[in-house]
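Student: Chain order of the listed sequences is V and S.
The first sequence begins at 1 in our numbering and counts up by one.
The second sequence begins at 1001 in our numbering and counts up by one.
Note that beta-carbon positions come from the ideal geometry of N, C-alpha and C, so glycine has one too.
2 protein chains.
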Amino acid sequence: MSSITGRRTVNGVLAVSRRPGQRAGLHRAAVLAAARQLLADGGAAAVTIRAVARTLQVAPNTLYSHVDSRTALLDTLLDDLLAEVTAPPPDVEDPVAGAHALMGSTYDVLTAAPDLVPVYLNRQGARGPNAVRLGQVLDALLERAGVDPASVPEARRVLIVHTIGAAAFATAPATEADATPPLPAHQVRGSFHHSLHWLLTGITHAPPR
Amino acid sequence: MSSITGRRTVNGVLAVSRRPGQRAGLHRAAVLAAARQLLADGGAAAVTIRAVARTLQVAPNTLYSHVDSRTALLDTLLDDLLAEVTAPPPDVEDPVAGAHALMGSTYDVLTAAPDLVPVYLNRQGARGPNAVRLGQVLDALLERAGVDPASVPEARRVLIVHTIGAAAFATAPATEADATPPLPAHQVRGSFHHSLHWLLTGITHAPPR
DNA sequence: ACCTGAACACCGTTCAAGT
DNA sequence: ACCTGAACACCGTTCAAGT
């Protein structure tokens, strides 16, 4: 109860039983793990500095020894997610199919945490190493598919916008009508793949001048 | 200074010089106008209940006499924006061109307040009368364009996802690389129109079974 | 370097009470 | 019906100080 690592309850609030100078033995990895748990349990809104600190039995401001800001923490969480995207091997036979698979995997991964995506959209394109890596893979595939190198950034952008937009929408009901019932998730995923095909067809067959 | 409608400064904080029971003569329209101003000046994050109240020289909780919640207020703001979308006449000659114009106008309108879009994406598809109206117009155009009625909801969804996603991305720099410089706004808008064309081509020429 | 206490400047929302 | 005062339960972040 009053051991160095124990808890103390003051006014019904969980308090820290450490005095200034005593270490909690926290690492950045532990902070990220706690944040990921909160994300899984309560969505992006639940990932607050104070909630993470509460989970770790630590004063809120200690987190700033391991993380720059709440925004940076959410950035890290998102880029961590992107690490799970499976990219095709660079020498895959069909580069168009490869690009399709890459965006499909991205959709599936982002869909696992759909409310992280709007948070990501909210900021101005700060991105982590995994996002950069995936972008480079996509660029290479598009070039191999015959897209004019000058048009690659635009094509990349179109595909990413669509994939992220679709993922952000994935959990929303129907898109606007009261009349039509919400589509089931597998059908939403299906229409994403349709539209992805249409975009890739347009990009490779009717490239922008 | 101490008139009924005047201001009083207490500890450097603007206070209200009205006592409980005295009316401020507030209407819902005035609340919305103040909120719109804050949105224009400081983005969606600046539209807080307390900031709107401050603008109107009113206690924060009086806003709840005119608005259900902050979320509902933001919903209203977004749907108001959509009122400015120009829809083609229902009997427009070319329904595909009509649908293209409709989504193009939506993109332009949403782009004027891009940081409202993520807020909108964050919630689960609550939508106002203007969104419903535009959805119905789009449905009619798609059906006239020869899309199988059973596929209309999916087609509508694809177009809306892409348009909203593109608008949300419109102010972000380049999409992930450090290498490529950010595209200028007119070019971003151009690639949106390209991709819109590709999607409409796919929807009308290669409809999903 | 890591951590706490205290503080600053905020939030949305509810509830009772006043006219 | 409209509005205030007070309160509740939060936020992110900074700063000084302790080891």
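Listing by chain order, which chain S residues have their CB less than 8 Å from the CB of residue 115/V?
Tutor: Those are 1122, listed as they occur along chain S.
Student: Within 8 Å (strictly less), CB to CB, does residue 1158/S reach chain V?
Tutor: For residue 1158/S, the answer is yes, since a Cβ of chain V falls inside 8 Å of its Cβ.
Student: For chain S, is any of its Cβ atoms less than 8 Å away from the one on residue 201/V?
Tutor: Yes, because at least one Cβ of chain S sits closer than 8 Å to the Cβ of residue 201/V.
Student: For residue 62/V versus residue 32/V, is the C-beta distance shorter than 8 Å?
Tutor: Result no, Cβ atoms of residue 62/V and residue 32/V do not sit closer than 8 Å.
Student: Could you check the C-alpha separation between residue 1131/S and residue 190/V for me, to the nearest Å?
Tutor: Spanning the two alpha carbons is a distance of roughly 24 Å.
Student: Under three-state DSSP, which class holds residue 55/V?
Tutor: If DSSP states are grouped into helix, strand and coil, residue 55/V belongs with the helices.
Student: Pull up the CB-CB distance for residue 1114/S and residue 1170/S, whole angstroms please, since I reckon it's below 8 Å.
Tutor: Their Cβ separation, rounded to whole angstroms, is 5 Å, which keeps residue 1114/S and residue 1170/S in contact under 8 Å.
Student: DSSP on residue 108/V, reduced to helix/strand/coil?
Tutor: Three-state DSSP puts residue 108/V in a helix.
Student: Between the region 1070-1083 of chain S and the region 1044-1054 of chain S, are three or more C-beta pairs nearer than 8 Å?
Tutor: The answer is yes - the region 1044-1054 of chain S touches the region 1070-1083 of chain S, with three or more Cβ pairs under 8 Å.
Student: Could you give the distance in angstroms between the alpha-carbon of residue 176/V and the alpha-carbon of residue 21/V?
Tutor: Residue placement at residue 176/V cannot be trusted, given a pLDDT of 41 that sits under 50; the coordinates are not used to answer.
Student: On the criterion of 16 or more Cβ atoms from any shown chain inside 10 Å, does residue 167/V qualify as buried, or is it exposed?
Tutor: By the 10 Å Cβ count, residue 167/V comes out buried.
Student: Quick one, which residues of the region 140-153 of chain V are near chain S if we go by CB-CB under 7 Å, in chain order?
Tutor: Taking 7 Å as the Cβ-Cβ cut-off against chain S, the residues of the region 140-153 of chain V that qualify are 153.
Student: Please classify residue 185/V as buried or exposed, where buried requires at least 16 other C-beta atoms within 10 Å of its C-beta.
Tutor: That one is exposed.
Student: DSSP three-state label for residue 1183/S, please.
Tutor: Looking at residue 1183/S - three-state DSSP - the assignment turns out to be coil, as it is neither helix nor strand.
Student: Less than 8 Å between the beta carbons of residue 1109/S and residue 1084/S, yes or no?
Tutor: Contact flag set, yes.
Student: For residue 1095/S, which residues in chain V fall below 9 Å Cβ to Cβ?
Tutor: What residue 1095/S touches in chain V: nothing, since even the nearest Cβ is about 18 Å away.
Student: Which term fits residue 1139/S, buried or exposed, when burial requires 16 or more other beta carbons within 10 angstroms of its beta carbon?
Tutor: Residue 1139/S is buried by the Cβ-count criterion.
Student: Going by Cα to Cα distance, which pick from 39/V, 94/V, 200/V and 197/V is closest to residue 116/V?
Tutor: For the residues 39/V, 94/V, 200/V and 197/V, the minimum Cα distance to residue 116/V belongs to 39/V.
Student: Note down, one range per segment and in chain order, each alpha helix (DSSP H) of at least 4 residues found wholly within the region 1078-1160 of chain S.
Tutor: Runs found: 1095-1111, 1116-1122 and 1129-1144.
Student: Using only the alpha-carbon positions, how far apart do residue 17/V and residue 58/V sit?
Tutor: Their Cα atoms are separated by approximately 9 Å.
Student: Is it buried or exposed, residue 1042/S, if we count other Cβ atoms within 10 angstroms and call 16 or more buried?
Tutor: It is exposed - the Cβ of residue 1042/S has fewer than 16 other Cβ atoms within 10 Å.
Student: Among 1099/S, 1121/S and 1105/S, which has the Cα closest to the Cα of residue 1141/S?
Tutor: Nearest C-alpha to residue 1141/S: 1099/S.
Student: Would you decide whether residue 195/V is buried or exposed? Buried here means 16 or more other CB atoms lie within 10 Å of its CB.
Tutor: When all chains shown are included, residue 195/V counts as buried.
Student: For residue 1050/S, does the three-state DSSP call read helix, strand or coil?
Tutor: Three-state DSSP puts residue 1050/S in a helix.
Student: Between which two residues does the alpha helix (DSSP H) harbouring residue 38/V extend?
Tutor: Its alpha helix (DSSP H) spans residues 28-42.
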